[in-house]
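Chains as they are written, first to last, in the numbering used here: chain A, 31 to 286; chain B, 16 to 78; chain C, 90 to 315. Backbone N, C-alpha and C define an ideal beta-carbon position, used for all residues, glycine too.
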Amino acid sequence: MNWQWFHRLGSPRWFYEKTDSWLPWLMVSAWGLLLVGGIWGLGFAPEDARQHNSFRILYIHAPVAYISMSCYYIMAISGAVGLIWKMKLPFMVMKACAPIGLGLTIVVLLTGSIWGKPTWGTWWEWDARLTSYLILSFLYLGAIALQQAFQNRDTADKASAILALVGTVNIPIIYKSVDWWYTLHQPATLKIVGKSTIDPSMLYPLFVMIIGFYVFFTLVLILHTRTEILRRESRTQWVKDLVVDNSKSKGEGARS
Amino acid sequence: MKFQFDSLADFMHMDGHGVFVWTAYALVYGILMYLTISPLIQKKNFLKQQKKWQQLQKDSNLP
Amino acid sequence: MTEPASLFRATFKRDLTLAFRHKGDMVNPLVFFLIAITMVPLALGPEKAVLVRIAPGIIWVMALLATLLSLDSLFRSDFDDGSLEQLLIAPYSLPLVVMAKIAVHWLATGLPLTLLAPLLGVMLSLPTSAFSALCYSLLLGTAAMSLIGAVGAALTVGLRKGGVLISLIVMPLYIPILIFGASAVQAAALGEPCNMQLAVLGAGLAIALVLAPLAAAGALRVSVNG
């Protein structure tokens with residue numbers, strides 16, 4: 031079988047040039063979906079019987095939770111691919127995932143906390159989901175810290191990949207333990223998503239937001255990976271040419 | 016599918032929940048914008064820096 | 090290829106001898122354990138009712154922190170004098186060597202912690218029903234923590250200032266152990282059975298026994314060659 035396509039995938043330059051054309055579409059569709067879904071959820075979905083309008087935070091809380099978790103797995107898988115096939119690009123993707131995942135996890139924690147105030151009366155509640163995501167943020171912080179600590183980039187990449195893989199084995203264990211811990215100590219309060227009767231008209235904006243966030247994640251991951259590619263490949267001719275082209279177009283063309 | 020609120024003021028207020036909902040949405044969209052824009056700014060800075068570096072190299076190669 | 094048992098035994102004997110030569114390294118985590126636990130009543134007041142409630146959790150957290158402190162020394166001295174590099178290029182099974190090192194590390198830190206724990210339980214008014222659960226849970230837990238911690242130590246052994254970084258990357262991985270360990274002691278303190286929690290700890294230890302030496306060996310190859 032011709033594996034050329036797979037090895038071409040490993041070329042940072044190929045990735046950079048290919049994604050050039052994707053960016054406008056991704057930008058428009060990601061932000062389009064997020065704005066449509068956001069406005070739909072804010073203004074057009076019916077309010078919840080118990081939580082009234084606070085439940086609208088669901089539309090920016092739940093999808094981000096899925097993605098911040100997926101982001102970790104993508105980080106680990108890229109690391110594994112880089113380790114096994116010794117390719118450069120997967121490691122760059124892996125490195126890009128860490129700050130994005132951290133940002134998304136912080137969003138989950140902030141929205142969870144803000145949602146908690148009108149729902150439970152407190153800014154923070156040690157429930158299973160928030161605690162799990164707090165721990166996920168620690169995993170991301172550890173990954174970022176490990177990346178920064180090494181002088182040698184190859185060592186940094188390989189060490190981070192190993193850490194990401196070890197973390198992957200642990201994530202289900204951590205999630206289950208925290209879940210179990212919470213049921214053990216559960217006070218008699220409402221769970222954050224009272225999903226007993228969720229009307230379909232409430233679900234449609236959620237689907238839009240989920241898709242929107244996945245497209246957004248793809249967009250942002252590609253953007254960060256591209257920047258990383260430029261940084262790492264700065265000594266190569268194609269990047270040098272890119273700099274020259276860029277400065278020429280900036281010098282000659284009128285500033286928009 | 017109808018608009019759930021009677022007026023814009025009502026939309027902002029959301030029966031008292033407005034503060035929470037709007038703060039949450041503002042924070043989230045702010046972070047999303049940051050995640051989108053920061054790599055673009057980093058790229059711009061990188062190109063600027065590399066241009067300067069290339070210029071320095073060219074100058075130092077002059078006889 | 091050297092027979093596995095003799096490889097294990099040789100590494101084990103060597104590391105054990107080295108450990109006993111540096112008794113200070115063994116005693117420090119224990120002293121930390123003791124002092125840190127003493128801080129708790131000083132901070133919260135000596136009221137028995139309060140201490141009884143928090144004793145299981147506090148002892149477990151402090152044991153975890155004491156283990157974290159001791160992790161850096163796992164590979165550090167071998168790295169510094171170059172013997173770690175020698176181990177990597179030798180035709181021996183690295184995971185097995187790592188396993189022997191972890192075993193000595195546990196005997197020198199985790200086991201003493203476990204043996205010291207009942208004394209600290211007395212200091213924090215832990216109910217007598219909880220003492221055996223305390224010892225069993227710590228026995229299983231500290232072993233698992235030595236194993237998982239070894240991966241963190243292996244990843245950072247090449248760094249000059251690896252100390253706090255180890256804690257940062259290893260602590261999230263310790264959380265399940267902490268949850269079930271503290272819960273076992275808490276349950277026993279309330280007179281309830283804690284077999285489930287101990288079984289989970291045992292299962293965790295089993296998984297760690299199999300996977301951690303492999304991961305640590307891989308991490309050592311990455312760290313030392315980099």
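In whole angstroms, what is the alpha-carbon distance linking residue i and residue j?
{"i": "F20/B", "j": "M232/A", "result": "16 Å"}
{"i": "W61/A", "j": "W44/A", "result": "26 Å"}
{"i": "L298/C", "j": "M188/C", "result": "8 Å"}
{"i": "N60/B", "j": "E263/A", "result": "15 Å"}
{"i": "T219/A", "j": "W150/A", "result": "Legend: pLDDT at T219/A = 44, less than 50; position of this residue unreliable, value from coordinates given subsequently. T219/A and W150/A: Cα-Cα distance of roughly 7 Å."}
{"i": "A308/C", "j": "A192/C", "result": "18 Å"}
{"i": "W35/A", "j": "K116/A", "result": "16 Å"}
{"i": "H28/B", "j": "V34/B", "result": "7 Å"}
{"i": "G252/C", "j": "L158/C", "result": "8 Å"}
{"i": "L77/B", "j": "R38/A", "result": "39 Å"}
{"i": "L64/A", "j": "G242/A", "result": "5 Å"}
{"i": "L176/A", "j": "K250/C", "result": "12 Å"}
{"i": "G171/C", "j": "G109/A", "result": "29 Å"}
{"i": "L105/C", "j": "V240/C", "result": "20 Å"}
{"i": "Q65/B", "j": "R265/A", "result": "10 Å"}
{"i": "M90/C", "j": "S182/C", "result": "Here M90/C scores only 49 on pLDDT, less than 50, and its place in the model is too uncertain to base an answer on."}
{"i": "A284/A", "j": "I237/C", "result": "The predicted model places A284/A with a pLDDT of 41, which falls under 50 and marks its position as unreliable, so this point remains unresolved."}
{"i": "F121/C", "j": "A152/C", "result": "9 Å"}
{"i": "L133/C", "j": "W149/C", "result": "17 Å"}
{"i": "I222/A", "j": "I126/C", "result": "Since pLDDT at I222/A reaches only 49, below the 50 mark, its modelled position is unreliable, and the value read off the structure follows with that caveat. Cα to Cα, the separation comes out at about 36 Å."}
{"i": "K73/B", "j": "K67/B", "result": "10 Å"}
{"i": "L251/A", "j": "A126/A", "result": "6 Å"}
{"i": "V199/A", "j": "T49/A", "result": "32 Å"}
{"i": "S41/A", "j": "I259/A", "result": "10 Å"}
{"i": "A39/B", "j": "L88/A", "result": "10 Å"}
{"i": "V274/C", "j": "C283/C", "result": "8 Å"}
{"i": "G146/A", "j": "W55/A", "result": "36 Å"}
{"i": "I52/B", "j": "E155/A", "result": "32 Å"}
{"i": "A138/C", "j": "G280/C", "result": "16 Å"}
{"i": "G131/A", "j": "S167/A", "result": "8 Å"}
{"i": "N314/C", "j": "A179/C", "result": "14 Å"}
{"i": "L23/B", "j": "I97/A", "result": "32 Å"}
{"i": "M212/C", "j": "L173/C", "result": "41 Å"}
{"i": "F237/A", "j": "A305/C", "result": "42 Å"}
{"i": "A276/C", "j": "A219/C", "result": "8 Å"}
{"i": "P120/A", "j": "W70/A", "result": "37 Å"}
{"i": "N182/A", "j": "A222/C", "result": "46 Å"}
Can you tell which of the options has the C-alpha that lies nearest to the C-alpha of residue i?
{"i": "L303/C", "options": "T231/C, V150/C and P184/C", "result": "P184/C"}
{"i": "F18/B", "options": "E77/A, K188/A and H37/A", "result": "E77/A"}
{"i": "V186/C", "options": "G199/C, A243/C and V289/C", "result": "A243/C"}
{"i": "D209/A", "options": "Y163/A, I252/A and M239/A", "result": "Y163/A"}
{"i": "M234/C", "options": "T245/C, K112/C and I264/C", "result": "I264/C"}
{"i": "G291/C", "options": "I266/C, G146/C, K190/C and L209/C", "result": "I266/C"}
{"i": "H111/C", "options": "T198/C, M212/C, L173/C and G210/C", "result": "T198/C"}
{"i": "I124/C", "options": "D169/C, F164/C and A155/C", "result": "A155/C"}
{"i": "V111/A", "options": "R183/A, A173/A, G131/A and L195/A", "result": "L195/A"}
{"i": "P235/A", "options": "W33/A, A79/A and R86/A", "result": "R86/A"}
{"i": "C101/A", "options": "V245/A, V269/A and V273/A", "result": "V245/A"}
{"i": "A95/A", "options": "A128/A, G71/A and R159/A", "result": "R159/A"}
{"i": "K118/A", "options": "I201/A, Y46/A and V137/A", "result": "Y46/A"}
{"i": "I147/C", "options": "M128/C, R165/C and L163/C", "result": "M128/C"}
Where do the ends of the alpha helix (DSSP H) carrying residue i lie?
{"i": "G73/A", "result": "Counting along the chain, G73/A falls outside any alpha helix (DSSP H), and DSSP gives it neither H nor E."}
{"i": "Y163/A", "result": "A158 to A179"}
{"i": "D169/C", "result": "S162 to D169"}
{"i": "P230/A", "result": "P230 to R262"}
{"i": "I87/A", "result": "That residue, I87/A, is in no alpha helix (DSSP H); it is neither H nor E in DSSP."}
{"i": "L71/B", "result": "G33 to S75"}
{"i": "K188/A", "result": "R183 to H215"}
{"i": "P261/C", "result": "G252 to A278"}
{"i": "L39/A", "result": "Run containing L39/A: none; DSSP gives neither H nor E here."}
{"i": "F121/A", "result": "K118 to W150"}
{"i": "L287/C", "result": "N284 to N314"}
{"i": "D25/B", "result": "L23 to H28"}
Would you please state the rounded distance, in angstroms, between the beta carbons of residue i and residue j? I believe it to be under 8 Å.
{"i": "N83/A", "j": "V43/B", "result": "About 16 Å; that fails the 8 Å criterion."}
{"i": "A191/A", "j": "M124/A", "result": "6 Å"}
{"i": "M115/C", "j": "P201/C", "result": "7 Å"}
{"i": "L171/A", "j": "S272/C", "result": "So it is not a contact: roughly 26 Å between Cβ atoms."}
{"i": "T185/A", "j": "V311/C", "result": "6 Å"}
{"i": "L287/C", "j": "Y225/C", "result": "6 Å"}
{"i": "A1/A", "j": "F180/A", "result": "There is simply no residue 1/A to check, as chain A begins at 31 and stops at 286 in what is shown."}
Using a Cβ cut-off of 8 Å, pull out every chain D residue sitting near residue i, in sequence order please.
{"i": "G68/A", "result": "In summary, chain D is missing from the structure at hand, where the protein chains are A, B and C."}
- What are the start and end residues of each continuous alpha helix (DSSP H) run of 4 or more residues lying completely inside the stretch 101-160 of chain C, in chain order? 112-133 and 137-160
- Message: Quick check on the DSSP output: what are the complete beta strand (DSSP E) runs of length 3 or more inside the stretch 176-233 of chain C, in order along the chain?
- Response: none
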